[in-house]
Amino acid sequence: MKVREESALLGYDDLRYDGDTVSVFVNGQCVAHRIEVPHRKQPRALRVHLQPGTNHLVMHAENEGGEAPNTAGMLVRTKGKKHRLVMRSTMNHSAGLVIERDP
Numbered sequence: 003m004k005v006r007e008e009s010a011l012l013g014y015d016d017l018r019y020d021g022d023t024v025s026v027f028v029n030g031q032c033v034a035h036r037i038e039v040p041h042r043k044q045p046r047a048l049r050v051h052l053q054p055g056t057n058h059l060v061m062h063a064e065n066e067g068g069e070a071p072n073t074a075g076m077l078v079r080t081k082g083k084k085h086r087l088v089m090r091s092t093m094n095h096s097a098g099l100v101i102e103r104d105p
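If you're matching positions, the sequence shown starts at 3 in my numbering and goes up one per residue.
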């Protein structure tokens, strides 16, 4: 995914709200530690500071709630555009996304 500036993410449980908890990392640094993935009707905003060039966003499951896998729907907002995606992770496998930020 290509963006031109820092991005804001809105995250929510994409399947069934069941208490999923995640940590989010950008370029190896934790930007959200053990946050609950909220209900679709009440998404959580998370501002992500991206460096120019290639950025790696990783979602690590801290638990799988009541039902595996851990799912997080995300809406990535950039100037004039919205990108919807779904990330799935388990206790053994994290989900990742590469974001290119124009200089």
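Positions of the beta carbon are idealized from the N, C-alpha and C atoms, including for glycine.
CA-to-CA distance, residue j to residue i, given in whole angstroms
i, j, result
"residue 51", "residue 3", "15 Å"
"residue 96", "residue 13", "16 Å"
"residue 70", "residue 92", "7 Å"
"residue 17", "residue 63", "15 Å"
DSSP state of residue i mapped onto helix, strand, coil
i, result
"residue 88", "strand"
"residue 25", "strand"
"residue 52", "coil"
"residue 61", "strand"
Residue from the options whose Cα sits closest to the Cα of residue i
i, options, result
"residue 25", "105, 77 and 73", "73"
"residue 78", "90, 60, 48 and 65", "48"
Those residues which DSSP pairs with residue i across a bridge
i, result
"residue 75", "14 and 88"
Contact check, residue i vs residue j, beta carbons under 7 Å
i, j, result
"residue 54", "residue 103", "yes"
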